[in-house]
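Notes for the one structure printed next.
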Amino acid sequence: MVRRELDNEGPDRLYTVTGGRSQSDDPDLDLVTLIVSSAEPVPGMQSEHARILRMCVHPVAVVEISADLGLPVGVVKILLSDLLRANKVTARHPRLTSGRARTQLPDAAILKKVLVGLHNL
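Note that the working numbering numbers the sequence shown so that position 53 is 51, with each residue one more than the last.
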């Protein structure tokens, strides 16, 4: 069974990780936004930021980052906002294809159930 980091972290740790913030600065980040690193981790950088930069060498969805870090999506969005503001990552938001109707994205609850199922494998 995969041990999630969150299991050993209480609210105090999450408060510290986010600097006391409870919301992301970027309201456009959603579960399927793809994140790509545009910089390498540097010494002294917050460990969660460094892990995100290492894991996002190739495009990774916000929900996948959350699962890999074992952190709530809201916390990950705050961390990603920091990296976006510092130009350390880029975000690729889902876009409409020209001439096609917008496809309906899966419900967040369904995506979370799929993610839990994958972790249980």
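Every residue, glycine too, gets a C-beta built ideally from N, C-alpha and C. This structure is a prediction, so every number in the text was calculated from the model and none was measured.
Per DSSP, reduced to three states, the secondary structure at Ala65 is helical. Straight-line spacing of the CA atoms in Ala106 and Leu29 works out to 7 Å.
Excluding residues up to 5 positions away in sequence, Ser22 and Leu27 lie with their Cβ nearer than 6 Å to the Cβ of Lys75 in the same chain. Annotated three-state conformation of Thr31 is coil, per DSSP. At the C-beta level, Leu113 and Val61 come within 8 Å of one another. For Arg52, the uninterrupted alpha helix (DSSP H) segment begins and ends at Ser45 to Met53. Residue pairing from DSSP places Arg90 in a beta bridge opposite Leu32.
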